[in-house]
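Colleague: Could you have a look at this structure, given as structure tokens, before my questions?
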Amino acid sequence: MVQVGSQGAVEPDSIKPLKGSNMADVNRGNRPLSPHLSIYRPQWTSITSILVRITGNALIVAALLIVWWFVAAASGPEAFAIADGVIRSWFGKLVMFGSIWALWYHTLGGLRHLVWDSGRMLDVDKSEMAGQMMVVLSVILTIFTVIVL
Amino acid sequence: MAFLTDRKRAMGMGSAKQGTHHHWQMMVTSVALLVLIPFFVFTFGFILGAPYEEVVAYYQRPFPAVVAILTMLVGFFHFRLGVQTLIEDYVHGLAGRAAIIGMICLSYAAAAFAVFAIIRIAL
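Listed in order, the protein sequences are those of chains A and B.
The opening residue of the first sequence carries number 1 in my numbering; numbering runs sequentially from there.
The opening residue of the second sequence carries number 1001 in my numbering; numbering runs sequentially from there.
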């Protein structure tokens, strides 16, 4: 006889897995999946999280432009003139302006992760407030940076 | 198929190996960048737009140069970890492995070029 929780004694036969449903016989393809991103209504937590990923990876464009600028400056005045010209062109300025916001937003996103990792602000209402703070503060920091520089 | 146990089926399928270390490195670089990024934005942003001679003279000073070197090193290492997670989520199989290797090489190459350039300007 085998004990199963509070259900009391049951026959061993009745707790054997059904044929075809044990873990070694995985149902691939035709099984219910948990709902994915497109199913949910946009939330502050999900959208701000996705934006952390997008901003972080998009920063590679500005980062490579800056590396080129440093390498050009090390190479000499002629090379520097080209790289400096590109980074200060309307296209370069557009990339740099967008990247300033992306950098501040991603930095605040990282700060939020560190706060979460310390076990704080994990409640839904606090997480949503943190997301709203990230959007507001990143815009303020971007305006501040553009004014100062 | 019926002879495979659950354990045998799961083995080698990508269990947690380096995950904890990856996360720890992400935390350390995040904290470092929290300090470095404001310094880099306002030193690099300050000199961007200046003529060649002024840029070179500026990066011959220890503080802007070391801030730039550390930001490039830590920043590209942070990127290398982050982009790996991005690729692992969306690209699978051989293409995913190739993309991860490619981005790791790009990250280290970019960091090396940046550090070499800044040191060359500074010295």
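Each residue gets a CB set at the ideal place from its N, CA and C atoms; glycine is no exception.
Everything numeric in this text was worked out from a predicted model, so none of it was measured.
When burial is assigned at 16 or more other CB atoms within 10 Å of the CB, is TYR105(A) buried or exposed?
Modeller: Locating residue 105(A) in the first sequence gives position 105, where the first residue counts as 1. With 16 or more other Cβ atoms within 10 Å, it is buried.
Colleague: In the region 1057-1083 of chain B, which residues sit with their C-beta less than 8 Å from some C-beta in chain A, listed in chain order?
Modeller: If the cut-off is 8 Å between Cβ atoms, the region 1057-1083 of chain B has TYR1059, ALA1068, MET1072, GLY1075, PHE1076, PHE1079, GLY1082, VAL1083 near chain A.
Colleague: Output needed for GLU128(A): all residues of its chain with C-beta closer than 7 Å, excluding positions within five of it in sequence on either side, in chain order.
Modeller: In the first sequence, residue 128(A) corresponds to position 128, counting from 1. Counting only Cβ-Cβ distances below 7 Å, and skipping sequence neighbours, we find TRP44, THR45.
Colleague: Under 8 Å between C-beta atoms, does LEU149(A) make it to chain B?
Modeller: On the first sequence, residue 149(A) is found 149 positions in, with the first residue counted as 1. Yes - at least one Cβ of chain B is within 8 Å of the one on LEU149(A).
Colleague: Would you kindly check if the distance between the Cβ of PHE1044(B) and the Cβ of ALA1170(B) is under 8 Å?
Modeller: Absent from the structure is residue 1170(B), since the part of chain B shown begins at 1001 and ends at 1123.
Colleague: Please name the residues in the region 101-119 of chain A whose beta-carbon is closer than 8 Å to at least one beta-carbon of chain E, in chain order.
Modeller: This model lacks chain E altogether, as its protein chains are A and B.
Colleague: How is the alpha helix (DSSP H) around ILE1121(B) delimited, first residue to last?
Modeller: Here residue 1121(B) corresponds to residue number 121 of the second sequence, with the count starting at 1. Unbroken alpha helix (DSSP H) run through ILE1121(B): 1093-1122.
Colleague: Give a yes or no on whether 8 Å exceeds the smallest Cβ distance from MET1011(B) to chain A.
Modeller: Position 11 of the second sequence, counting from 1, holds the residue named residue 1011(B). No, MET1011(B) does not count as interfacial toward chain A.
Colleague: Express the C-alpha separation of ALA1114(B) and TRP69(A) in angstroms, rounding to a whole number.
Modeller: Residue 69(A) sits at position 69 when you count from the first residue of the first sequence. Residue 1114(B) sits at position 114 when you count from the first residue of the second sequence. Cα to Cα, the separation comes out at about 9 Å.
Colleague: May I ask which residues mark the beginning and end of the alpha helix (DSSP H) holding THR145(A)?
Modeller: Walking along the first sequence from the start, residue 145(A) turns up at place 145. Looking at the DSSP string, the run of the alpha helix (DSSP H) that includes THR145(A) is 124-148.
Colleague: Note the first and the last residue of the continuous alpha helix (DSSP H) segment covering GLN1025(B).
Modeller: By 1-based counting over the second sequence, the position of residue 1025(B) is 25. That run of the alpha helix (DSSP H) goes 1019-1047.
Colleague: How about ILE1104(B): is its C-beta nearer than 8 Å to some C-beta of chain A?
Modeller: The residue labelled residue 1104(B) in the question sits at position 104 within the second sequence. False, the Cβ-Cβ gap to chain A never drops below 8 Å.
Colleague: Hey, could you find the ends of the alpha helix (DSSP H) ARG112(A) is sitting in?
Modeller: Working through the first sequence from its first residue, we reach residue 112(A) at position 112. Unbroken alpha helix (DSSP H) run through ARG112(A): 90-117.
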